[in-house]
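FYI, the numbering for the sequence shown is 1 to 378, going by the UniProt record's numbering.
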Amino acid sequence: MVLLVILLFFAFRGLKIKDTVPADTQTNSTKTKSSDSKKKKAEADSPDQAKASELPKEPVSFTVSVVGDCTLGTDENFDYSTSLNAYYESNGPDYFFQNVKDIFEADDLTIANFEGTLTDSDEREEKQFAFKAPADFSSILSSGSVEAVTLANNHSHDYGEQGFSDTRTALSQEGITYFGYDETAIVDVKGIKVGLVGIYELHDHLERTEQLKQNISKVKENGAQITIVIFHWGNEKEEVPDSNQTTLGRLAIDLGADLVCGHHPHVVQGYETYKGKNIVYSLGNFCFGGNSYPSDMDTMIFQQTFTIDQKGVKNDNKIHIIPCSISSDYDYNNYQPTPAEGEEAERIMNKINERSSWITPAQTEDIDSETSVPSSEE
Numbered sequence: 001m002v003l004l005v006i007l008l009f010f011a012f013r014g015l016k017i018k019d020t021v022p023a024d025t026q027t028n029s030t031k032t033k034s035s036d037s038k039k040k041k042a043e044a045d046s047p048d049q050a051k052a053s054e055l056p057k058e059p060v061s062f063t064v065s066v067v068g069d070c071t072l073g074t075d076e077n078f079d080y081s082t083s084l085n086a087y088y089e090s091n092g093p094d095y096f097f098q099n100v101k102d103i104f105e106a107d108d109l110t111i112a113n114f115e116g117t118l119t120d121s122d123e124r125e126e127k128q129f130a131f132k133a134p135a136d137f138s139s140i141l142s143s144g145s146v147e148a149v150t151l152a153n154n155h156s157h158d159y160g161e162q163g164f165s166d167t168r169t170a171l172s173q174e175g176i177t178y179f180g181y182d183e184t185a186i187v188d189v190k191g192i193k194v195g196l197v198g199i200y201e202l203h204d205h206l207e208r209t210e211q212l213k214q215n216i217s218k219v220k221e222n223g224a225q226i227t228i229v230i231f232h233w234g235n236e237k238e239e240v241p242d243s244n245q246t247t248l249g250r251l252a253i254d255l256g257a258d259l260v261c262g263h264h265p266h267v268v269q270g271y272e273t274y275k276g277k278n279i280v281y282s283l284g285n286f287c288f289g290g291n292s293y294p295s296d297m298d299t300m301i302f303q304q305t306f307t308i309d310q311k312g313v314k315n316d317n318k319i320h321i322i323p324c325s326i327s328s329d330y331d332y333n334n335y336q337p338t339p340a341e342g343e344e345a346e347r348i349m350n351k352i353n354e355r356s357s358w359i360t361p362a363q364t365e366d367i368d369s370e371t372s373v374p375s376s377e378e
């Protein structure tokens, strides 16, 4: 009888611990990258368990790749014959990321902006452009070794709440971690908990400050040892970040983010190091079904390698930028992002560095360590 009481006591404690996990925080585990297998959801840790997690006894290094706008669908008013959906029908899901798949398989976590919906809904919002594709287009991401996507952007609700819900379901069934708005995520990378925060800045601008504070605090309370914040912000076609971008980006670092990346301008903007942490203001488009003939097809893959040991995150700022085109054909967009080579790679890298030099540095009194434009690894 005593043994039965003890067992019931511990079982009850276990149930209470699970109940403390916030419903709007996902906890997933990445595993060794494989194109023929999906990642499985890991059981969520409670905040108490997460806070008690120890730093690794031996240094652990892992590489994160971040890319920009991925619109894996089309607008119903576009010419279907040249649309991304038509390419999917002709070539299947493996086609789109085949030229960057080796890069994404070699890293430990790949994050993209998923800009559109995966739905059969016909309840289109009243707007100029609205993007959708069938649910099985989520396999484009998994086959390309993309593990996580932000949904905090101006096209995630193109087909209303139903479209947004359908998109989340499709991504979840494919094993893709999603985050954004008030929904954060924690992914396990080599035993390190990485917190993911997605903020939609358009229209609200600095009013997103409180949401930013709450979401960074949320992932840290749930054990995040590295925090990555992704913003959808700025102005289309603008080559220099505006004051809202620089203010929010630097605030994210002040609040504890280890890396900040952004998109929405549809062109690459520069990047800076603020208090030893990187802010990439716009990654540009990537696998972009929103335009068959864009005027600017330059993009990049931004990579950072983090090392964490008994002292915490090492401040060694190991980054690598891979200049790319959103298409493997320079005459039109065939929705196949491709690393640039030779003079073309040099041209894109020079553009990124030049635009980085245009960023107005933070005021001296606002920083307690160097703010600069870093040099990427060759």
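C-beta: ideal position from N, C-alpha, C; glycine also.
For ASP166, the enclosing alpha helix (DSSP H) has its first and last residue at 160 to 173.
DSSP places LEU259 inside the beta strand (DSSP E), whose first and last residues are 259 to 263. GLY116 sits in coil when the DSSP states are folded into three classes, being neither helix nor strand. Between GLY73 and LYS132, the gap from beta carbon to beta carbon is short of 7 Å. Going by beta carbons, ILE253 and LYS218 fall outside the 7 Å limit. Judged by DSSP secondary structure, LEU196 falls outside any alpha helix (DSSP H) and instead within the beta strand (DSSP E) spanning 192 to 200.
Between SER138 and LEU118, the C-beta spacing is below 7 Å.
Residues LEU72, PRO93, PHE96 of the same chain have their beta carbon placed closer than 6 Å to that of ILE140, with the five preceding and five following residues left out of the count.
Distance from the CA atom of ASP122 to the CA atom of GLY160, rounded to whole angstroms, is 10 Å. Membership of TYR87 in the alpha helix (DSSP H) is indicated by the continuous run 84 to 91.
Distance between LYS314 and GLN304, taken at the CA atoms: about 12 Å. When the beta-carbon positions are compared, PRO241 and GLN269 come within less than 7 Å of each other. Look at GLN98 here: in three-state DSSP terms it is coil, with no helix or strand label. The Cβ atoms of ALA148 and ASP75 do not sit closer than 7 Å to each other.
Fully enclosed beta strand (DSSP E) runs of no fewer than 3 residues occupy 285 to 288, 298 to 309, 318 to 325 of the stretch 285 to 373, in order along the chain. The Cβ atoms of ALA345 and PRO361 do not sit closer than 7 Å to each other. Taking CYS70 as reference, the option from TYR80, ASN91, ASN113, GLN98 with the minimal CA-CA separation is ASN113. In the structure shown, the three-state DSSP call for TYR80 is helix. For GLY68, there is no enclosing alpha helix (DSSP H); the enclosing beta strand (DSSP E) covers residues 60 to 71. In this structure, the CA atom of ILE103 is about 25 Å from the CA atom of ASP309. Beta-bridge partners assigned by DSSP to PHE231: ILE199, GLY262.
Where GLU272 is concerned, the enclosing beta strand (DSSP E) starts and stops at 271 to 274.
Counting the other Cβ atoms within 10 Å of the Cβ of GLN336 gives 16 or more, which makes it buried. A distance below 7 Å between beta-carbons, with the five flanking residues on each side excluded, links VAL189 to the following residues of its chain, in chain order: THR30, PHE62, ASP108, LEU109. Assignment of GLY256 by DSSP, reduced to helix, strand and coil, places it in the coil class. When secondary structure is reduced to three states using DSSP, LYS237 falls in the coil class, being assigned neither helix nor strand. Contact between GLY191 and TRP233 is absent: CB atoms are separated by about 32 Å, not below the 8 Å threshold. Shown here, ASP136 sits in a helix according to DSSP, grouped into three states.
In this structure, ARG355 lies near GLU239, with their beta-carbon atoms less than 7 Å apart. Taken through DSSP and simplified to helix, strand or coil, GLU207 comes out as helix.
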